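Q: Quick one: structure below, then a few questions.
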Ligand code: UP5
Ligand code: MG
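In structure tokens:
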């Protein structure tokens with residue numbers, strides 16, 4: 016029996032642009048399941064997996080974990096879930112991630128939400144977060160910004176060229192950003 020492919024929305028944007036915050040809102044209103052690639056990687060570290068040390072070192076340096084590791088975690092999370100609608104938050108982060116996900120899963124995103132925010136504002140948010148993330152220090156934050164610009168923006172441009180990007184001004188307050196997000200998901204539901 017052929018398995019039906021799930022619907023996937025990629026949620027992208029710089030570090031601290033509000034991906035996780037808005038995904039929580041989207042889940043409550045639109046029935047998607049939220050999969051944060053970063054959260055899955057952090058859980059993998061905690062679980063004491065053999066990849067844990069490597070993942071931890073890469074996150075601390077703001078580097079992108081090898082695709083096969085992240086894709087395996089995402090696939091497993093989708094398979095273990097009954098839902099057929101997923102928000103994939105913070106992935107794909109480079110062209111290689113994107114191409115590997117596409118060729119392994121054969122899934123193309125329904126669309127890509129892009130949270131556009133200034134580095135100044137993102138830096139302020141990350142330094143205020145205080146949740147003990149090993150990458151929320153100014154040195155790592157600067158590395159994350161650089162990786163985002165150099166490696167992740169090309170992914171957004173790729174989907175932009177396919178007409179799939181829904182860009183949102185993410186520098187506004189949480190409620191205002193969510194109004195813009197809602198408008199996009201409401202269109203898609205029609
Ligand atoms: N906040 C949120 N929205 C706000 C608003 N509108 N106004 C004011 N404040 C707002 O928000 C960040 C903070 O800002 C919070 O305190 C929030 O309350 C506030 P959040 O919603 O957490 O933003 P988010 O975009 O999710 O920020 P996050 O830090 O999670 O983004 P990153 O992309 O940096 O982190 P992620 O967890 O995705 O990845 C971490 C690392 O894991 C990567 O650097 C990389 O090393 C690794 N990784 C991979 O290698 N591969 C992957 O596929 C994914 C991750
Ligand atoms: Mg996040």
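In UniProt numbering, the protein residues as written are 16 to 205.
The C-beta atom is built at its ideal place from N, Cα and C for all residues, glycine as well.
Here the structure is a predicted model, which is why all the values come from computation and not from measurement.
First and last residue of the beta strand (DSSP E) that includes residue 183?
A: 180-184
Q: Flag residue 150 as yes when its Cβ comes closer than 8 angstroms to any non-hydrogen atom of ligand 2, and as no otherwise.
A: no
Q: Alpha carbon to alpha carbon, how far is residue 27 from residue 186? Give it in angstroms, no decimals.
A: 14 angstroms
Q: Measuring alpha carbon to alpha carbon, tell me which of 21, 30 and 47 ends up nearest residue 153.
A: 30
Q: Is the separation between the beta-carbon of residue 160 and that of residue 136 shorter than 9 angstroms?
A: Not a contact, by the Cβ cut-off of 9 angstroms.
Q: Report the rounded CA-to-CA distance for residue 64 versus residue 38, giving the unit in angstroms.
A: About 27 angstroms.
Q: Any idea which residues DSSP pairs residue 128 with across the strands?
A: The partner list for residue 128 (beta bridge, DSSP) reads 26 and 181.
Q: Flag this pair as yes or no: are the beta carbons of residue 101 and residue 23 separated by less than 9 angstroms?
A: yes
Q: Leaving aside the five residues before and after residue 122 along the sequence, list all residues of the same chain whose C-beta is less than 6 angstroms from its C-beta, in chain order.
A: 20 and 23
Q: Does the Cβ of residue 112 have 16 or more other Cβ atoms within 10 Å, making it buried, or fewer, making it exposed?
A: buried
Q: Determine which residues share a DSSP beta bridge with residue 101 and list them.
A: DSSP lists 23 and 48 as partners of residue 101.
Q: Can the beta-carbon of residue 70 be found less than 9 angstroms from the beta-carbon of residue 115?
A: no
Q: Buried or exposed for residue 149, going by 16 or more other Cβ atoms inside 10 Å?
A: exposed
Q: Where in the segment 143-201 do unbroken runs of the beta strand (DSSP E), each at least 3 residues long, occur, reported from the N-terminal end onward?
A: 180-184
Q: Can you tell me whether residue 205 is helix, strand or coil according to DSSP?
A: Bear in mind that the predicted position of residue 205 carries a pLDDT of just 49, short of 50, making it unreliable; the figure below should be weighed with that in mind. Three-state DSSP puts residue 205 in coil, outside helix and strand.
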